[in-house]
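Enquirer: Residue 13 is where the sequence shown starts when you use the numbering used here, and the numbers rise one by one after that. A virtual CB, placed ideally from N, CA and C, is assigned to each residue, including glycine.
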Amino acid sequence: MINDTWQHWQALDRWLGGLADFWAVSPFITPTPAWSRHEPSLDAWLLALSDEECVHFEQSPDALADALPAGQDWARQRRELVALPSLAMDNRALPEKHAPGMPGRKREQAGWFAGAVQPMAGSVMDWCCGTGHLARTLAAASPVSVTGLEWQRRLVQRGNAMAQERGEPVSLWAQDVLDTTFPWPPVEQAVALHACGDLHRTLLSGAVEQTLDRLCLSPCCYHLTQADSPSWLSRRARDHGQSPRPDRHQRRLAVQEAVTASAGERRRNDRARLWRLGFDSLQRHVRGRDEYLPLPSMPRSVQKGDFAGFCAWAAGRKGLSLADDVDYAVWLASGERRHHATRRRELLWHLFRRPIELWLVLDYALFLEEQGYRVRLGTFCDRTLTPRNLLLDAVRDRRTPHAPRSHHENTPG
13 MINDTWQHWQ
23 ALDRWLGGLA
33 DFWAVSPFIT
43 PTPAWSRHEP
53 SLDAWLLALS
63 DEECVHFEQS
73 PDALADALPA
83 GQDWARQRRE
93 LVALPSLAMD
103 NRALPEKHAP
113 GMPGRKREQA
123 GWFAGAVQPM
133 AGSVMDWCCG
143 TGHLARTLAA
153 ASPVSVTGLE
163 WQRRLVQRGN
173 AMAQERGEPV
183 SLWAQDVLDT
193 TFPWPPVEQA
203 VALHACGDLH
213 RTLLSGAVEQ
223 TLDRLCLSPC
233 CYHLTQADSP
243 SWLSRRARDH
253 GQSPRPDRHQ
263 RRLAVQEAVT
273 ASAGERRRND
283 RARLWRLGFD
293 SLQRHVRGRD
303 EYLPLPSMPR
313 SVQKGDFAGF
323 CAWAAGRKGL
333 SLADDVDYAV
343 WLASGERRHH
353 ATRRRELLWH
363 LFRRPIELWL
373 VLDYALFLEE
383 QGYRVRLGTF
393 CDRTLTPRNL
403 LLDAVRDRRT
413 PHAPRSHHEN
423 TPG
């Protein structure tokens, strides 16, 4: 385990930069990745894996890293690069009867997050709070008053009703937090559980600007940003990084993990991927261009149909004309073959999910350290509960000058 934030980020930056061929391009988009030609023995080993082995390695990337054939020393280095301390303490989840409408996993995630950030006291802001389940969990676990910000008014109304019913010190406000002119509430600390992309980046910058005493953040969906390739937040990463900043598709890799999906969800996902790959082969043939065409999410009505109906829908969305005599069985078989190969090649690709996520989050930690915060980075729960289990816990060093906060006399609205 690497304990120094800057050394850890540099090690990941070098490691990822030297292995970009393995992770920069998705095997789903590129049927034959360049690395498969440069590493034929590795590719052959992956393609020979059984379905049972695929399931095992999908659930345990560490086991895959250990099992790769000789000559892949980089995979063994991965274990140290992704090692983090556990910050989990006790589960402070609300009783099920006190969390109506909150799925069990979400309730447990909020409980472990609340336990990991203890002790906590004073005033807290829950960023992008939804109906305020985390806010209510914290209020039950700590001597705190919580202000929640959420842009959907119906969620705010529902959350306030629940808090008022139980007499909890929680108040939710309807607010678009991406509006950088809004007045921050008069709080000392901020929390965010699974805030996405620009939402958590805005929180990081705003917390520093407001000189909050503490920030507890579990980020998610790093690809949901307005910019395709946002700049590093920390000065050291901007000035000394050796690898190109990951683009939107590469940042999305960090969150492409579904350890919590049910067997039915996995079957539906496999069929959807097979259909998409079959159509991809068909559209390349029809267009005469060896180029991937991204498709939007599939409507439920299309999911319930057959492959031919899916191809008709996809072609319509892309303005393609398909001949009446298309042999859909041929292209479905192509999709099956590609799905077999893609699933196995993606195992290697997925080894880079956690390293890329840490590369991004360590930049956040460096940024906070540069702004006078002491930062803990670790996991707040087991990955079987959620693979998005990173926790940044930043406390402002009291020796850092406390700049005046702006807008604290107002209430968001």
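Is it buried or exposed, E92, if we count other Cβ atoms within 10 angstroms and call 16 or more buried?
Expert: For this step, residue 92 is matched to residue 80 along the sequence shown. E92 comes out exposed.
Enquirer: Distance, Cα to Cα, T193 vs L211?
Expert: Looking up residue 193 in the sequence shown gives position 181. Looking up residue 211 in the sequence shown gives position 199. Cα to Cα, the separation comes out at about 14 angstroms.
Enquirer: For P97, which residues from the same chain have a beta carbon less than 6 angstroms from its beta carbon, with the 5 sequence-adjacent residues on both sides left out?
Expert: Position 85 of the sequence shown, counting from 1, holds the residue named residue 97. Cβ within range, chain order: G390.
Enquirer: By the three-class DSSP mapping on this structure, what secondary structure does G134 have?
Expert: As a position in the sequence shown, residue 134 is number 122, starting the count at 1. In the structure shown, G134 sits in a strand (DSSP, three-state: E or B).
Enquirer: If we count Cβ pairs, one from each stretch, closer than 8 angstroms, do we get three or more for the stretch 160 to 179 versus the stretch 224 to 238?
Expert: As far as the Cβ criterion goes, the stretch 160 to 179 does not touch the stretch 224 to 238, which means the pair count is below three.
Enquirer: Applying the 10 Å Cβ sphere with the 16-neighbour rule, what's the burial state of E177?
Expert: Within the sequence shown, the letter at position 165 stands for residue 177. Result: exposed.
Enquirer: Sorted by chain position, which residues of the same chain lie with C-beta nearer than 7 angstroms to A79's C-beta, five sequence neighbours on each side aside?
Expert: Counting from one through the sequence shown, the residue named residue 79 turns up at place 67. Excluding sequence neighbours, A79 sits near nothing in its chain.
Enquirer: May I ask you to list the residues that DSSP assigns as paired with P231?
Expert: For the purposes of this step, residue 231 is taken as the residue at position 219 of the sequence shown. Answer by DSSP bridge pairing, in chain order: A207.
Enquirer: Name the two residues that bound the continuous beta strand (DSSP E) containing E162.
Expert: Reading the sequence shown from its first residue, position 150 is the one you call residue 162. Note, E162: beta strand (DSSP E), V156 to E162.
Enquirer: If you drop the 5 nearest sequence neighbours on each side, which residues of the same chain put their C-beta closer than 6 angstroms to that of L227?
Expert: The count along the sequence shown starts at 1 and reaches residue 227 at position 215. Answer for L227: A202, A219 and A406, listed in chain order.
Enquirer: Sorted by chain position, which residues of the same chain lie with C-beta nearer than 6 angstroms to G425's C-beta, five sequence neighbours on each side aside?
Expert: Taking the sequence shown and counting its residues from 1, one reaches residue 425 at position 413. Residue placement at G425 is flagged as unreliable, the pLDDT there being 47, under the threshold of 50; the coordinate-derived value follows with that caveat. No residues qualify anywhere along the chain.
Enquirer: Use the C-beta contact count for T44: other C-beta atoms within 10 angstroms, 16 or more gives buried, fewer gives exposed.
Expert: As a first step, residue 44 must be located in the sequence shown, where it is residue number 32. Under this definition T44 is an exposed residue.
Enquirer: Applying the 10 Å Cβ sphere with the 16-neighbour rule, what's the burial state of Q187?
Expert: Position 175 of the sequence shown holds residue 187. Counting Cβ neighbours within 10 Å, Q187 comes out buried, since at least 16 surround it.
Enquirer: For A128, I'd like the list of residues in its chain whose CB is within less than 7 angstroms of its CB, leaving aside the five on either flank, ordered along the chain.
Expert: Indexing the sequence shown from 1 puts residue 128 at position 116. So the list reads L99, A100, M101, F392 and L403, once near-sequence residues are dropped.
Enquirer: Is it the case that the Cβ atoms of P73 and W361 are separated by a distance below 8 angstroms?
Expert: Working through the sequence shown from its first residue, we reach residue 73 at position 61. Working through the sequence shown from its first residue, we reach residue 361 at position 349. Not closer than 8 angstroms, so no.
Enquirer: With a threshold of 6 angstroms on Cβ separation, who are the neighbours of L380 within its own chain once the five nearest residues in sequence on each side are excluded?
Expert: Counting from 1 along the sequence shown, the entry for residue 380 is found at position 368. For L380, where only same-chain residues beyond five positions count, the Cβ hits under 6 angstroms are V387 and A406.
Enquirer: Can you tell me where the beta strand (DSSP E) with T44 in it begins and where it stops?
Expert: For the purposes of this step, residue 44 is taken as residue 32 along the sequence shown, with counting starting at 1. Neither: T44 is in no beta strand (DSSP E) and is coded neither H nor E.
Enquirer: Suppose you measure from the CA of P198 to the CA of V158; what does that come to, to the nearest Å?
Expert: Along the sequence shown, one-based indexing puts residue 198 at 186. Along the sequence shown, one-based indexing puts residue 158 at 146. Distance between the alpha carbons of P198 and V158 is about 11 angstroms.
Enquirer: By the DSSP assignment, the beta strand (DSSP E) with D405 in it spans what residues?
Expert: Here residue 405 corresponds to residue number 393 of the sequence shown, with the count starting at 1. L402 to R408 is the span of the beta strand (DSSP E), which, as asked, contains D405.
Enquirer: Does the distance from the C-beta atom of L294 to that of W371 stay below 8 angstroms?
Expert: If you number the sequence shown from 1, residue 294 lands on position 282. If you number the sequence shown from 1, residue 371 lands on position 359. No, they are not a contact pair.
Enquirer: Is there a Cβ of chain D sitting closer than 8 angstroms to that of G300, yes or no?
Expert: Of the chains in the structure shown, none is chain D; there is only one protein chain.
Enquirer: My output table needs one value for A87: the three-state DSSP class, helix, strand or coil.
Expert: If you number the sequence shown from 1, residue 87 lands on position 75. Reduced to three states, the DSSP call for A87 is helix.
Enquirer: Could you round the C-beta distance between G160 and V182 to whole angstroms and report it? I think they count as a contact, below 8 angstroms.
Expert: In the sequence shown, the residue the question calls residue 160 occupies position 148. In the sequence shown, the residue the question calls residue 182 occupies position 170. Indeed, because the Cβ distance is near 7 angstroms, the residues count as touching under 8 angstroms.
Enquirer: CA-CA distance, R263 and H252?
Expert: Locating residue 263 in the sequence shown gives position 251, where the first residue counts as 1. Locating residue 252 in the sequence shown gives position 240, where the first residue counts as 1. The straight-line gap from Cα to Cα measures roughly 20 angstroms.
Enquirer: Is it true that the CB of L58 sits closer than 8 angstroms to the CB of R349?
Expert: Walking along the sequence shown from the start, residue 349 turns up at place 337. Walking along the sequence shown from the start, residue 58 turns up at place 46. Result no, Cβ atoms of R349 and L58 do not sit closer than 8 angstroms.
Enquirer: So for W244, helix, strand or coil by DSSP?
Expert: Taking the sequence shown and counting its residues from 1, one reaches residue 244 at position 232. In this structure, W244 counts as coil in the three-state DSSP scheme.
Enquirer: Helix, strand or coil: which one does DSSP assign to H419?
Expert: Here the question's residue 419 lines up with position 407 in the sequence shown. Caution applies to H419, whose pLDDT of 38 falls short of 50 and renders its modelled position unreliable; the value that the coordinates give is listed next. Coil at H419, not helix or strand.
Enquirer: Alpha carbon to alpha carbon, how far is Q121 from L106? Give it in angstroms, no decimals.
Expert: What you label residue 106 is simply residue 94 of the sequence shown in a count that begins at 1. What you label residue 121 is simply residue 109 of the sequence shown in a count that begins at 1. Approximately 11 angstroms between the Cα atoms of the pair.
Enquirer: To the nearest angstrom, how far is it from the Cα of A249 to the Cα of D375?
Expert: Taking the sequence shown and counting its residues from 1, the one referred to as residue 249 is at position 237. Taking the sequence shown and counting its residues from 1, the one referred to as residue 375 is at position 363. About 7 angstroms.
Enquirer: What do you reckon, are the CB atoms on R365 and E269 nearer than 8 angstroms?
Expert: Looking up residue 365 in the sequence shown gives position 353. Looking up residue 269 in the sequence shown gives position 257. A contact, by the Cβ cut-off of 8 angstroms.
Enquirer: Following a CB-centred definition, is A239 positioned closer than 7 angstroms to any heavy atom of the ligand ADP?
Expert: The ligand ADP is not part of this structure, which contains no ligands at all.
Enquirer: May I ask you to report which of helix, strand or coil DSSP gives Q254?
Expert: Working through the sequence shown from its first residue, we reach residue 254 at position 242. DSSP places Q254 in coil when its eight states are reduced to three.
Enquirer: Which same chain residues end up closer than 6 angstroms to D55 when comparing Cβ atoms and leaving out the 5 residues on each side of it in sequence?
Expert: Looking up residue 55 in the sequence shown gives position 43. Cβ neighbours of D55 beyond the five flanking positions: S48.
Enquirer: Return the CA-CA distance between K474 and A275, expressed in angstroms with no decimal places.
Expert: Since the displayed the chain opens at 13 and closes at 425, residue 474 lies outside it and no answer follows.
Enquirer: Take L31 and list the residues in its own chain whose beta-carbon comes closer than 7 angstroms to its own, dropping the five residues that flank it on each side.
Expert: For the purposes of this step, residue 31 is taken as residue 19 along the sequence shown, with counting starting at 1. Closer than 7 angstroms at Cβ, skipping near neighbours: W86.
Enquirer: Run through DSSP, which three-state label would T398 get?
Expert: Reading the sequence shown from its first residue, position 386 is the one you call residue 398. If DSSP states are grouped into helix, strand and coil, T398 belongs with coil.
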